[in-house]
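J.: Every number in the working numbering is 58 more than the matching position in the sequence shown, counting from 1.
Backbone N, C-alpha and C define an ideal beta-carbon position, used for all residues, glycine too.
Note that this is a predicted model, so its numbers are computed, not measured.
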Amino acid sequence: MKTLSIKKGLPLSVAGAPAPKIEKGPAVSSVAFLPEILPAIKPRLLVKNGDTVKIGTPLFKDKNNPDVLFLSPGGGTVTEILYGHRRAISRIVIQTGRTEDHERFDPVDKEQLAAMDRKEIISVLMARGLWGFIRNLPYRTIPAADETPASIWVSLDPSDPFQVPSGVYLKGNESLFAFGIRALECLGAPVFVCESLGSEVSHEAVAPLVTHRVSGTYPAEDPGVLLYHTKTSPRENHAWFISGQDVLMLAEGLSTGRYPTERIVSVSAPAGRYMKTRLGAPLASLLSGEAAGENRRWIMGGLFRGRSVPKDGYLGLTETSLLIALDAGDPELFGFLRPGLKKPTASRTFLYALHKKPFAPLADMHGEERACINCGKCQAICPVDIMVPFAYKSIYAGEIEDALAHGLLDCVVCGLCSFVCPAKIELAETFESTRHAYHQDRI
Ligand code: SF4
Ligand code: SF4
């Protein structure tokens, strides 16, 4: 087992951490699939409004990759197909019935799995809607069947604030997890399972699978960061990754022959908790009391990489966290003169730097974007050593090749450079959209 120590990053101390027990979420009357948030997918619908579907009925497929199916997370009636910008399918809502039927696939046991070759396992995963849980690097899109990764990374404990830790989701599911890792090993690349130092998995079914122990602050456990710090040649740049909780989804889908629907989600302040809910659950079912009140912003999928969701929103395919932030209020009068005891800062701009107590997330920029002052804070914090100001200026000047030379493709879109930038430049967003456009050009 290797130990990796990631030096750069940011210790995040956010208020509202969930208590370490799992609550059962309320029953839901509708679930949704959100094609819009899947990266680089061109959906072709396979259902229409009013159709009756089971759990596991194909809802759409990817036009670029037609063997990849996306299945219904609920059984009932398709009641809404919502189109967004440029007629992209934003969401498909299923009103769930009192009892929900499942599509049945043949269960795969250990012996059958051991006898499968790469082609077989890929086609099984694609047909059962399980392929969408896997992502590739560096673009973080759903891989094509003909891609061959140099490695497959599984992070057990995401270092983003309030993601569900392995101690919560693995408990009682250790053998299922080991089965999922065996399935990933059939994909023809070494599988690296990483746990964070201090949360060692001692269960006999999981401990032998762990290959790396990682120390460091956010985003130390990101697969892109791990790959950056372990690769020895450019050939290793093309890797795949999947979260620990999604390994369980994949394993359940294979071993039971049913499309998996159960999800454990962390919900942050004011009463942080882990909730057992289901794929595509409505946001409203995760909120209670103060969390559902006015002047709140609901962020699905992580503090820095998540998306802001309206109150009638739904949980996405791989999302397992809901963060509740206070909405920005009116601008502060003479805000720049205030000591900022409650304003988190990575530099020493505010007096918060003296106590660094957990901060409550606040959706306030405290000012507008200004010109870069070449302070170098973005570059100093970047966990993958990108020359951030140079890469940004190259993009601004339309010199994409230069941005690539400055490390653009290594970016893990962690958002730290944007967070620390005193000029409030949306660096991470710019890098993400540029990488996406570059990738689309190459498809
Ligand atoms: S460039 Fe910014 S978003 Fe990308 S990895 Fe570095 S700090 Fe994170
Ligand atoms: S942190 Fe912002 S202001 Fe400082 S060098 Fe980076 S982009 Fe420029």
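Please name the residue or residues paired with Tyr227 in a DSSP beta bridge.
T.: Against the sequence shown, residue 227 aligns to sequence position 169. Bridge partners of Tyr227: none, in fact.
J.: Hey, could you find the ends of the alpha helix (DSSP H) Ile453 is sitting in?
T.: Translated into the one-based positions of the sequence shown, residue 453 becomes position 395. Here the alpha helix (DSSP H) through Ile453 covers 446 to 454.
J.: Should Asp468 be labelled buried (16 or more other beta-carbon atoms within 10 Å of its own) or exposed?
T.: On the sequence shown, residue 468 is found 410 positions in, with the first residue counted as 1. By the 10 Å Cβ count, Asp468 comes out buried.
J.: Between the stretch 166 to 181 and the stretch 144 to 156, do at least 3 Cβ pairs fall closer than 8 Å?
T.: Short answer: they don't touch.
J.: What first and last residue would you give for the alpha helix (DSSP H) that runs through Ser476?
T.: Looking up residue 476 in the sequence shown gives position 418. Looking at the DSSP string, the run of the alpha helix (DSSP H) that includes Ser476 is 474 to 478.
J.: Since Glu81 is in the beta strand (DSSP E), which residue starts that stretch and which ends it?
T.: In the sequence shown, residue 81 corresponds to position 23, counting from 1. That run of the beta strand (DSSP E) goes 77 to 82.
J.: When DSSP labels each residue in this structure, what does Met333 get in the three-state scheme?
T.: Sequence index remark: in the sequence shown, residue 333 carries index 275 (1-based). Three-state DSSP puts Met333 in a strand.
J.: Would the stretch 482 to 492 count as touching the stretch 448 to 457 if we require 3 or more Cβ pairs under 8 Å?
T.: Touching, yes.
J.: For the alpha helix (DSSP H) containing Val249, name the first residue and the last one.
T.: In the sequence shown, the residue the question calls residue 249 occupies position 191. First-last for Val249: 249 to 254, but that is the beta strand (DSSP E), not the alpha helix (DSSP H).
J.: I'd like the span of the beta strand (DSSP E) that includes Gly134, first residue to last.
T.: Translated into positions along the sequence shown, residue 134 becomes position 76. Gly134 -> beta strand (DSSP E) spans 134 to 141.
J.: Taking its Cβ as the centre, do 16 or more other Cβ atoms sit within 10 Å of Tyr332, making it buried, or is it exposed?
T.: Along the sequence shown, read from residue 1 onward, the residue named residue 332 stands at position 274. By the neighbour-count rule (16 or more Cβ atoms within 10 Å), Tyr332 is buried.
J.: If you draw a straight line from the C-alpha of Ala342 to the C-alpha of Phe237, how long is it?
T.: Taking the first residue of the sequence shown as position 1, residue 342 is located at position 284. Taking the first residue of the sequence shown as position 1, residue 237 is located at position 179. Those two C-alpha atoms are separated by around 34 Å.
J.: Beta carbon of Cys440: closer than 7 Å to some heavy atom of ligand 1?
T.: Residue 440 sits at position 382 when you count from the first residue of the sequence shown. Checking every heavy atom of ligand 1 against the Cβ of Cys440, one is found closer than 7 Å.
J.: For Gly374, which residues in the same chain have their Cβ closer than 6 Å to its Cβ, ignoring the five residues on either side in sequence?
T.: Working through the sequence shown from its first residue, we reach residue 374 at position 316. Hits under 6 Å: Leu92, Ile95.
J.: For ligand 2, is there any heavy atom lying closer than 7 Å to the beta carbon of Ala554?
T.: An answer regarding residue 554 cannot be provided, because it is not within the stretch 59 to 501 covered by the chain.
J.: Pick from Asn123, Phe118, Phe392: whose alpha carbon is nearest that of Leu129?
T.: Stepping through the sequence shown from its first residue, residue 129 is reached at position 71. Ranking the options by Cα distance to Leu129, first place goes to Phe118.
J.: So what does DSSP say about Asn122, is it helix, strand or coil?
T.: Taking the first residue of the sequence shown as 1, we reach residue 122 at position 64. In this structure, Asn122 counts as coil in the three-state DSSP scheme.
J.: Does the distance from the CB of Trp211 to the CB of Leu284 come in under 8 Å?
T.: Here residue 211 is taken as the residue at index 153 of the sequence shown, counted from 1. Here residue 284 is taken as the residue at index 226 of the sequence shown, counted from 1. Contact flag set, yes.
J.: Taking all protein chains shown into account, decide if Gly230 is buried (16 or more other Cβ within 10 angstroms of its Cβ) or exposed.
T.: Residue 230 sits at position 172 when you count from the first residue of the sequence shown. Label assigned to Gly230: exposed.
J.: Contact between the stretch 437 to 446 and the stretch 281 to 299 is defined here as three or more beta-carbon pairs at a separation below 8 Å; is this criterion met?
T.: These segments touch.
J.: Check the C-beta distance from Val136 over to Gly338 and give it rounded, since I have them as a contact under 8 Å.
T.: Residue 136 sits at position 78 when you count from the first residue of the sequence shown. Residue 338 sits at position 280 when you count from the first residue of the sequence shown. Contact doesn't hold; Cβ gap of about 13 Å is too wide.
J.: Starting from Met358, follow its DSSP beta bridges and name the residues at the other end.
T.: Within the sequence shown, residue 358 is the residue found at index 300, counting from 1. Arg365, Leu380, per the DSSP bridge assignment.
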